[in-house]
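In terms of the numbering used here, the sequence shown opens at residue 146 and continues consecutively. The block underneath contains the structure these notes are about, expressed in structure tokens.
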Amino acid sequence: MTQSLAQIKDALKGVQGLQLEELLAVHADDPRKGVQAAVAAGRRRLQREDAERQRLEGLYRYEAELAGQRAASVVLGLDEVGRGPIAGPLTVAGVVLPAEPRIAGLNDSKQVRPEARESIAACVRQRAHAVTVQFIEPEQIDAVGMAAALRVAFSRAIEDIEAQGIVPDLVLLDGNALRIDRRECNVVKGDARCASIAAASIVAKVARDDLMVREARRYPAYGFDENKGYGSPAHIEAIRREGLCPIHRRSFCRSFVQG
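In structure tokens, the structure reads:
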């Protein structure tokens with residue numbers, strides 16, 4: 146019996162990968178315009194899925210190449226979020242991933258939808274050999290400056306991973322070299338090139354965003370649940386109206402706060 150267009154669309158929606166490819170072949174010669182449109186859409190989805198598989202494979206392959214160059218068997222990826230906000234902590238995450246199973250969706254956290262970040266971060270925590278999240282509070286950032294705060298946060302992350310019984314042979318950092326550890330290897334745009342750095346990027350982003358949502362309940366005037374501590378016009382206006390709260394980085398607010 147000939148399937149209806151609605152049935153075919155539902156069937157195509159319910160499969161991916163090889164199953165989708167096989168189903169597209171079944172309906173490729175159906176003369177109905179609606180079916181041909183559904184087949185064309187399915188082929189485009191198949192292309193997107195293939196591109197995503199290749200991108201993800203590239204993250205793991207490049208990281209394996211870096212590890213191989215240094216004869217490293219345990220790789221720690223580190224990344225930070227929160228350099229730029231005028232409120233809230235600097236946050237650094239560290240992740241040691243297994244080679245398998247691969248974690249779908251790993252990418253620079255800025256390229257991942259918020260709802261997807263939550264599920265990917267949960268998957269990372271479930272599958273990783275070790276995970277750490279370190280916060281450097283605004284008072285310390287004000288006291289020592291961002292460069293020193295970054296070094297402290299990354300050093301703490303390495304120490305905490307080792308305290309969990311995992312000793313990395315290679316420490317991958319996103320961005321410029323910090324020279325905090327002899328095992329350090331900096332990777333420019335590493336959160337889009339290395340699996341463990343991408344995982345750390347997402348874990349750090351989710352942890353910091355969750356914290357800022359909680360801070361919004363403590364300090365509701367500033368909209369931290371929306372701006373996450375960044376200097377949006379509404380946030381700056383709230384500071385001018387209400388003054389600074391305890392989680393503001395005073396050294397970051399001098400241009401629009403007197404005294």
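Ideal Cβ positions, reconstructed from N, Cα and C, are used throughout, including at glycine. What you are looking at is a predicted structure, and each value in this text was computed from that prediction instead of being measured.
Residue nearest to residue i in terms of C-alpha spacing, selected from the options
i           : options               : result
residue 147 : 167, 171 and 163      : 171
residue 197 : 239, 237, 248 and 242 : 248
residue 345 : 214, 168, 241 and 202 : 241
residue 302 : 360, 210 and 316      : 316
residue 281 : 168, 370, 300 and 330 : 300
residue 331 : 394, 212 and 192      : 212
residue 322 : 334, 369 and 312      : 334
residue 266 : 387, 355 and 174      : 355
residue 319 : 396, 176, 343 and 262 : 343
residue 388 : 370, 372 and 366      : 366
residue 195 : 219, 328, 206 and 161 : 161
residue 400 : 286, 376, 347 and 159 : 376
residue 314 : 245, 215 and 291      : 215
residue 295 : 163, 363 and 234      : 234
residue 269 : 159, 291, 201 and 347 : 347
residue 341 : 378, 177, 391 and 208 : 208
Whole-angstrom C-beta distance between residue j and residue i, which should lie under 8 Å
i           : j           : result
residue 374 : residue 230 : 3 Å
residue 306 : residue 222 : 10 Å between Cβ atoms; not a contact.
residue 289 : residue 349 : Residue 289 to residue 349, Cβ: 20 Å. No contact.
residue 297 : residue 254 : The Cβ separation is near 22 Å, so there is no contact.
residue 370 : residue 224 : The pair is not a contact, with the Cβ atoms about 23 Å apart (cut-off 8 Å).
residue 236 : residue 353 : 4 Å
residue 251 : residue 204 : 6 Å
residue 169 : residue 193 : Contact doesn't hold; Cβ gap of about 14 Å is too wide.
Reduced DSSP category for residue i - H, G, I as helix; E, B as strand; rest coil
i           : result
residue 319 : strand
residue 268 : helix
residue 371 : helix
residue 282 : coil
residue 220 : strand
residue 343 : helix
residue 348 : helix
residue 244 : coil
residue 182 : helix
residue 161 : coil
residue 325 : coil
residue 173 : coil
residue 354 : helix
residue 289 : helix
Strand pairing of residue i, partner residues [DSSP]
i           : result
residue 303 : Per DSSP, none; premise fails for residue 303.
residue 393 : 232
residue 330 : 317
residue 225 : 237
residue 277 : 239
Original post:
Counting Cβ pairs closer than 8 Å, one from the region 147-167 and one from the region 178-193, do we hit at least three?
Top reply: yes
Original post:
If you pair each beta-carbon of the region 259-277 with each one of the region 379-391, do three or more pairs fall below 8 Å?
Top reply: no
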